[in-house]
Every structure is written in C-alpha cells, then in structure tokens.
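Input: a single structure, listed below in structure tokens.
2 protein chains.
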Amino acid sequence: MGEFELIRRCFMQEQTGAGVINGIGDDCAVLEVPPGQQLVVSIDTLVEGVHFLPGTAPAQLAERLVGAAVSDLAAMAATPAWITLAVTLPQADETWLLAFSRALSQRCSELGIALVGGDTTRGPVCVLSAQVHGLVPNGQAWLRSGAVPGDRILVTGSLGDSRGGLETLLQPLPVSAEPEAVEQLRQRFYRPEPRLELAQSLREHVHAAIDISDGLLGDLGHILEASGVGARLEVDQLPVSFALQQLYPQQVQDWALAGGEDFELCLAVPAAQLSSCLDTAQALGIRLTDVGEITADTGLQVLQAGTTVLGDLPGSWDHFRSEDE
Amino acid sequence: MGEFELIRRCFMQEQTGAGVINGIGDDCAVLEVPPGQQLVVSIDTLVEGVHFLPGTAPAQLAERLVGAAVSDLAAMAATPAWITLAVTLPQADETWLLAFSRALSQRCSELGIALVGGDTTRGPVCVLSAQVHGLVPNGQAWLRSGAVPGDRILVTGSLGDSRGGLETLLQPLPVSAEPEAVEQLRQRFYRPEPRLELAQSLREHVHAAIDISDGLLGDLGHILEASGVGARLEVDQLPVSFALQQLYPQQVQDWALAGGEDFELCLAVPAAQLSSCLDTAQALGIRLTDVGEITADTGLQVLQAGTTVLGDLPGSWDHFRSEDE
Numbered sequence: 316m317g318e319f320e321l322i323r324r325c326f327m328q329e330q331t332g333a334g335v336i337n338g339i340g341d342d343c344a345v346l347e348v349p350p351g352q353q354l355v356v357s358i359d360t361l362v363e364g365v366h367f368l369p370g371t372a373p374a375q376l377a378e379r380l381v382g383a384a385v386s387d388l389a390a391m392a393a394t395p396a397w398i399t400l401a402v403t404l405p406q407a408d409e410t411w412l413l414a415f416s417r418a419l420s421q422r423c424s425e426l427g428i429a430l431v432g433g434d435t436t437r438g439p440v441c442v443l444s445a446q447v448h449g450l451v452p453n454g455q456a457w458l459r460s461g462a463v464p465g466d467r468i469l470v471t472g473s474l475g476d477s478r479g480g481l482e483t484l485l486q487p488l489p490v491s492a493e494p495e496a497v498e499q500l501r502q503r504f505y506r507p508e509p510r511l512e513l514a515q516s517l518r519e520h521v522h523a524a525i526d527i528s529d530g531l532l533g534d535l536g537h538i539l540e541a542s543g544v545g546a547r548l549e550v551d552q553l554p555v556s557f558a559l560q561q562l563y564p565q566q567v568q569d570w571a572l573a574g575g576e577d578f579e580l581c582l583a584v585p586a587a588q589l590s591s592c593l594d595t596a597q598a599l600g601i602r603l604t605d606v607g608e609i610t611a612d613t614g615l616q617v618l619q620a621g622t623t624v625l626g627d628l629p630g631s632w633d634h635f636r637s638e639d640e
Numbered sequence: 316m317g318e319f320e321l322i323r324r325c326f327m328q329e330q331t332g333a334g335v336i337n338g339i340g341d342d343c344a345v346l347e348v349p350p351g352q353q354l355v356v357s358i359d360t361l362v363e364g365v366h367f368l369p370g371t372a373p374a375q376l377a378e379r380l381v382g383a384a385v386s387d388l389a390a391m392a393a394t395p396a397w398i399t400l401a402v403t404l405p406q407a408d409e410t411w412l413l414a415f416s417r418a419l420s421q422r423c424s425e426l427g428i429a430l431v432g433g434d435t436t437r438g439p440v441c442v443l444s445a446q447v448h449g450l451v452p453n454g455q456a457w458l459r460s461g462a463v464p465g466d467r468i469l470v471t472g473s474l475g476d477s478r479g480g481l482e483t484l485l486q487p488l489p490v491s492a493e494p495e496a497v498e499q500l501r502q503r504f505y506r507p508e509p510r511l512e513l514a515q516s517l518r519e520h521v522h523a524a525i526d527i528s529d530g531l532l533g534d535l536g537h538i539l540e541a542s543g544v545g546a547r548l549e550v551d552q553l554p555v556s557f558a559l560q561q562l563y564p565q566q567v568q569d570w571a572l573a574g575g576e577d578f579e580l581c582l583a584v585p586a587a588q589l590s591s592c593l594d595t596a597q598a599l600g601i602r603l604t605d606v607g608e609i610t611a612d613t614g615l616q617v618l619q620a621g622t623t624v625l626g627d628l629p630g631s632w633d634h635f636r637s638e639d640e
C-alpha cells in the first residue's frame, strides 16, 4: 500500500465539520469563517526523544498533540474549528497509523475540531506538527498584552502534574507510590485538557491570558513583558494535586512554578471580577485559583509566607537550552 | 541566547500584512478573513535527507519551503495571505536561523504572504513544516473534482526540470553540461515559482486544477480520480526546457511525466476557453501548453505519435515507497 492509499485509509474518513466546504483530498481545504468572527491560528510540534519517549503509544501521542495544540485556542478564548497535521515517520507503519488516526479522530471529535488537511512524510524520527484554527467574535480574542496593575492572577486546574507524570516515566517510582496517583499524573502528561468551556464563559472578563506550556514562571513572564507590568506570586497559593504531593513532595513547588506542559490557563482578571470568575469556574466544576497580583512595578516577585523567595528558581522550559527536555 | 530570544530576533520583525490583527508573539495569531472570501489552507513538510540534502543552504531551504507551499494556493486560484512555520533543528544555530529567516522574509514578501506564527523545536534532523493560508472569492476555489470529458489538459512552465536539478546535485555532471543549464535546473529545484498571477487571471475558466508535486502522471491521476473521468496525454506535447534536453536527453520524457516537485499547474479547461486561456498566459509571459484531453473513459492513456505507450512508465513520487527520495 502506497502513501496515498495509506493516508486515505487512515485520515480521510468522516472529515466533516462546521464551515468545512472542502476537506482533505485537494491541494488545500476550503473553509468558511462566519461573519463577525476572527480566525485564530497556532502551530505546535512534538519531536520523538525531545517531547516524548521513543515507543510512546500512538494513541497517547495523538491525544497529547491535539490537546496541547487546542489549549492555545483556549488561551485566546476561541472556539475550536479546524486542525491540520504534518506527520513525519520512519516508515509507513499501518498499525501505528491506524491507532494514531483513530485516537486523533476521537479526540478531535471530543474537542469539536475537524481534521481538514495534512502531509505525511518519511524521516528518521517521528515529528508531529499540528496547526489549529479557532474562531472568536471580532475583537474578543484574549491577548497577553492586556494585564493592568491590580489585576488578580488566576490559574486553572493544578500545576506541576505533567512534570510529575513525566518523572514517573523517566525514573523508578518512589517506593510509597500509589498506582492511582501514578496513573493520574501520567494522564496529565499524555492527555492535556484544554480549558475551552471555562475560557469561553469568562471571555468578557479577562484582561490577559496565556496557556501554561513552559511553566507558570515563564508564561506569566510573557504576560508581564507583553503588558509592561510586574507581578507578585504567592507560592503557597499555587494549586497542586494530592497525587503530586503524594509522589513528589520535595519537588511540588519547583514543578508547580516551572514544570511545564500543564496546559492550564493563567489569566489576569480585574479584581472586581474575581468572585464572578470564581463562581463561573465552580459552576463548571473547574478549579480556578487566585495566586497573585499584577503590579505596576515590573519584575516578578515570588512570595512565600510574606517573604520574597530569591534567586535560584528553575527557569522556564526552553527547547534549546534546558537539560531535561 | 535562549529559544525565546532567538526566535524573537529571527522571526518577529516586520510581521505585518493585510488582515493580520495580531501576528507572532501570542498563543495564536488573530486574523481577519474579508467578507465574501473563503479561506484555503495547506500544510507541507520538508525533511533533511528525504526532501533536501544535508548541508543545503538555509536560504535555499526557505525559498523551497515557501515556494512549494504557496504553489498549493495557486492550485486553488487563491491569493496568498498568511503563513506559519514549524521548524525542528538539531541546535539553535544563530547563523543558520538568521540566514533562513532573512531569505524567508524576502520570499514571503515577494509572494505577498505574511509570517504570522511558528514553533521552533529541537530534533535530530532538520524538519520544516509550513502552513499556508489563502483567500478566494466564495465558491471560486479550484478543485480537483470538476474535470469533464472534452476538457483540454494544460500545464504551465516546463516539466522535469526540478528532477534534473536534483540529479545535478546527486551525480557527477554530464561531460558536456553547460554551467548555465546546470544553474537553471538547480534554480528550478530550489526555488519553485508558484503560478499565482496566471491562476488568478484564469480563475473563472478552469474546471479542475492541481499543482504538480508528485509528477504529472500522479497528479493528473488525482484529477481523474476526483472527477471520475479519464485522459489522453500526448507525450510529445509535454513542455520541456532546453536546459533539461541539453543535460539529460535520455531522461527528459520520464522526468517530464513523473519527475516530481516541478510545482507547475495542471489544469482542465473547457475546449471553448482554450484559446482565451493561452492568450492570457502569453500576455503574462508564462508558458502554457495543451498536452491532452479529458475523456469519458476512465484511465490514463499516454500517447506518442498516435500510439499508446504501454506499461513501464515510472510511478509517481511516493515518500514511503520510492527508492530515490
């Protein structure tokens, strides 16, 4: 079976979705953006041996790829619309491709995003790029640049779990590790859960937003830089899971601050909207935590029990710099 | 210099373009599709050692990546709008990135497409994916599926040159090779010229279209399959360059039929529009050649001097099957 036939079999089924005039199978997909909506787009890549371990199950890769990419749409308060894929593989393994495409289709369906195009090529290692396309009412996309002094800093979910999940894959488990906790952290690593519904519900209340892919410190730093402001972060307020505390009590704080790849949202919200935002999150059953304040003084202060924690906090996730990618 | 700073320096300058509300530097770009226009998108990948030789100059890679990707927009009769990039590299080499991004910026500017986003990651070999976004008036995108019996089959430019250019890089040059001919074929390999202006000028006259990336036989085959028709191709009519004839007289026919990566257009045009289309092309100074006819009988017949050429023609470019990728 050649490339064309394989791709057709794996990816060309059930390719329908709102605004899809013409999906996979032509030189381009033809898409329709509804009046009054802007298009938001983002591209993300996963590389074998860098972002995932060789031998990772294709279904887990598909879920991680789509979840991480769609999280960028959540960070703009956008509604997912369409996704395209560039898949580079050492060989055209039918079993792998079928498992990957089945999980991809399932996860895309759950997240309301339609696969509309792709390119499959051969290469020495697996490299997966996904471009996501979302829609947002004109002028309502969240940017990083809108934070103002006095805004509260909110984060969704819990932080550091994905880094903990990775640790369970890289190192022998702690002797006291509970299997459910291990599984929970691994799921957080493999299956990012974009905070779409919450983002859409809070769309009008948020000054600035980013998704936490490089670690809270690094990503909050991007908001501060883009907005020309600073922040005070209360380290004791950071939301962490029982699972992470159970398995890695020594690393909880570092990983919550800079573990990376949690794909939670970090929001800057006017103080007057804080309780309304918290209520909305509670109604949706999503944890949303106030972890600090935007300040007029630039720079990022991390406080613990009222004291500034100085210096040696781990840096953000940097694909060309960090040692532990 | 870390990833963020490097990317900023290389890719974040002069990122403006029509419809770009917010370009590089946020979780997503924010884009505006004008009323009455549809969005067309396509993603393409180049892999080191598969689509280009290790050590290829970064400027040549940038030109090839952008040209090949934008060619898919020409094949839809679309106007280029925006491009995003996923760049995987063994290391963050500043010299490489600066040369790549400078050539990229130059070529994007020439083709009228704005860089609006990207992702840069580390990996064992260079893998480059580009997603292009174009605009086309509602309902006017060219598809592969509109060919009808009696349509003339037209191709732009000359065929087989890119394959010839690759040969000059892979094998010792023929003893009689003229340097200008070598250079001309290499340019055709490294620097695809999307037929944007011609496509936009012929937009209303064309029944079906594809760009020739896999070779004429393979790509015309896609039109036939999508349209449920067949074709007769006159091999003596295929447009070939003097340079290709000078360097590789024995391979001209095979490479014109199945060399791949020419990024010319193959069009199915109503016979009544033929002379008007040829006139338009002549006025634009672009070679456009009538090479055959769409037939009601399915299947692709290749004729030479009135006789059907049987059997052993080379197959189309297939990244997972061919031996010479």
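Chains D and Z are the protein sequences, given in the same order. Heads up: the first sequence runs through residues 316 to 640, numbered per the working numbering. Heads up: the second sequence runs through residues 316 to 640, numbered per the working numbering. Note that CB positions come from ideal geometry on N, CA and C, so glycine has one too. Note that the structure is predicted; figures quoted are calculated from it, not measured.
{"Check": "Secondary structure of Asp-612 of chain Z, DSSP reduced to three states", "Outcome": "coil"}
{"Check": "Enclosing alpha helix (DSSP H) for Thr-483 of chain D [first to last residue]", "Outcome": "476 to 485"}
{"Check": "Residues that Ala-393 of chain Z contacts on chain D, provided the C-beta gap is smaller than 8 Å", "Outcome": "Cys-343"}
{"Check": "Touch test, the segment 592 to 604 of chain D against the segment 460 to 480 of chain D, Cβ-Cβ under 8 Å, three pairs minimum", "Outcome": "yes"}
{"Check": "His-537 of chain D - containing alpha helix (DSSP H), residue span", "Outcome": "531 to 542"}
{"Check": "Below-7 Å beta-carbon distance, Gly-626 of chain Z vs any chain D residue", "Outcome": "Residue placement at Gly-626 of chain Z is flagged as unreliable, the pLDDT there being 43, under the threshold of 50; a coordinate-derived value is accordingly withheld."}
{"Check": "is_contact[Ile-339 of chain D, chain Z] using C-beta, thresh 7 Å", "Outcome": "no"}
{"Check": "Min CB distance Val-385 of chain Z to chain D below 7 Å", "Outcome": "no"}
{"Check": "Chain-order list of residues whose beta-carbon lies under 6 Å from that of Ala-586 of chain Z (same chain, five-residue window excluded)", "Outcome": "Gly-465 and Arg-467"}
{"Check": "Proximity test, Cβ basis, 7 Å: Thr-622 of chain Z and chain D", "Outcome": "no"}
{"Check": "Cβ-Cβ distance between Ser-444 of chain Z and Thr-371 of chain Z below 7 Å", "Outcome": "no"}
{"Check": "C-alpha distance - Val-362 of chain Z paired with Ala-333 of chain Z, whole-angstrom precision", "Outcome": "31 Å"}
{"Check": "CB contact flag (Gln-616 of chain Z, Thr-623 of chain Z, <7 Å)", "Outcome": "yes"}
{"Check": "Per-residue DSSP class, three states only, for Pro-494 of chain Z", "Outcome": "helix"}
{"Check": "Whole-Å CB distance - Ala-611 of chain Z paired with His-522 of chain Z, under 8 Å assumed", "Outcome": "The pair is not a contact, with the Cβ atoms about 14 Å apart (cut-off 8 Å)."}
{"Check": "Residue environment, Leu-485 of chain Z, which counts as buried when at least 16 other CB atoms sit within 10 Å", "Outcome": "exposed"}
{"Check": "Glu-363 of chain Z - DSSP class collapsed to helix/strand/coil", "Outcome": "strand"}
{"Check": "Secondary structure of Ala-445 of chain Z, DSSP reduced to three states", "Outcome": "strand"}
{"Check": "is_contact[Ile-358 of chain D, chain Z] using C-beta, thresh 7 Å", "Outcome": "yes"}
{"Check": "First and last residue of the uninterrupted beta strand (DSSP E) at Ala-393 of chain D", "Outcome": "Per DSSP, Ala-393 of chain D belongs to no beta strand (DSSP E) and is neither H nor E."}
{"Check": "Option in Z:Ser-424, Z:Cys-581 and Z:Val-345 with minimal Cα separation from Leu-474 of chain Z", "Outcome": "Z:Cys-581"}
{"Check": "Three-way DSSP call (helix, strand, coil) for Asp-659 of chain D in this model", "Outcome": "Nothing in the structure corresponds to residue 659 of chain D, since chain D is present only between 316 and 640."}
{"Check": "Cross-chain neighbours of Gln-425 of chain D in chain Z, by beta carbon under 9 Å", "Outcome": "According to the sequence shown, residue 425 of chain D is Glu rather than Gln. Those do not exist, as Glu-425 of chain D stays about 20 Å from chain Z at its closest Cβ, beyond 9 Å."}
{"Check": "C-beta contact flag for Tyr-505 of chain Z and Gln-421 of chain Z at 7 Å", "Outcome": "no"}
{"Check": "Leu-511 of chain Z versus Z:Val-490, Z:Ala-392 and Z:Ala-620, residue with shortest Cα-Cα distance", "Outcome": "Z:Ala-392"}
{"Check": "Residue interval of the beta strand (DSSP E) (run including Arg-547 of chain Z)", "Outcome": "545 to 549"}
{"Check": "DSSP state of Cys-343 of chain Z mapped onto helix, strand, coil", "Outcome": "coil"}
{"Check": "Where Ala-620 of chain Z sits in the DSSP three-state scheme", "Outcome": "coil"}
{"Check": "Helix, strand or coil at Trp-570 of chain Z [DSSP, three-state]", "Outcome": "helix"}
{"Check": "Short CB-CB distance (under 7 Å) between Asp-639 of chain Z and chain D", "Outcome": "Residue placement at Asp-639 of chain Z is poorly supported in this model, since its pLDDT is 35, which falls under 50; the coordinates are not used for a value here."}
{"Check": "Cβ shell of Leu-599 of chain D (< 8 Å), same chain only, five flanking positions each side left out", "Outcome": "Glu-512, Leu-513 and Ser-516"}
{"Check": "Asp-529 of chain Z and Ser-386 of chain Z closer than 7 Å at C-beta", "Outcome": "no"}
{"Check": "Short CB-CB distance (under 7 Å) between Val-550 of chain D and chain Z", "Outcome": "no"}
{"Check": "Endpoints, alpha helix (DSSP H) assigned at Thr-410 of chain D", "Outcome": "409 to 426"}
{"Check": "Neighbourhood of Phe-415 of chain Z by C-beta distance below 6 Å, restricted to the same chain and skipping five residues each side", "Outcome": "Pro-373 and Ala-377"}
{"Check": "7 Å Cβ cutoff, Ser-444 of chain Z in contact with chain D", "Outcome": "yes"}
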